[in-house]
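Letter by letter, the sequence shown follows residues 29 to 109 of this note's numbering. Some notes on the structure that comes next.
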Amino acid sequence: EQNTVITRELDAIKRLIAIELNLKAETPNVVYIGNDMEDLLNKSEKNIESKMKLQTLIEVVFLYTLIAVSLPLVYAFFKGP
29 EQNTVITREL DAIKRLIAIE LNLKAETPNV VYIGNDMEDL LNKSEKNIES
79 KMKLQTLIEV VFLYTLIAVS LPLVYAFFKG P
């Protein structure tokens, strides 16, 4: 338990040092992302990914349904009486 507490405190110190070094740089362009933010970004990424997969599935099903319905209609139209 003591090791986990020390590890968390060292991570916090590393984060503060990285932020301070970035602020002192001439062109600050690095953003430090902590573990909480990383977890949040991973959840958001998985959420967006699942929504994109669902949207793609819906589009494919709609397209195949449209083709399945329109082919007999086109055939009947050109076949004539």
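Note that the Cβ used here is the ideal one computed from N, Cα and C, for glycine as well. Note that this is a predicted model, so its numbers are computed, not measured.
Host alpha helix (DSSP H) of I95 (start-end): Taking the first residue of the sequence shown as position 1, residue 95 is located at position 67. N63 to K107 is the span of the alpha helix (DSSP H), which, as asked, contains I95.
For A40, does the three-state DSSP call read helix, strand or coil? Here residue 40 is taken as the residue at index 12 of the sequence shown, counted from 1. In this structure, A40 counts as helix in the three-state DSSP scheme.
For A46, three-class secondary structure by DSSP: Here the question's residue 46 lines up with position 18 in the sequence shown. It is helical.
My understanding is that G62 touches R36, with C-beta atoms under 8 angstroms, so please give their C-beta distance in whole angstroms. Counting from 1 along the sequence shown, the entry for residue 62 is found at position 34. Counting from 1 along the sequence shown, the entry for residue 36 is found at position 8. Contact flag wrong, Cβ pair sits at about 11 angstroms.
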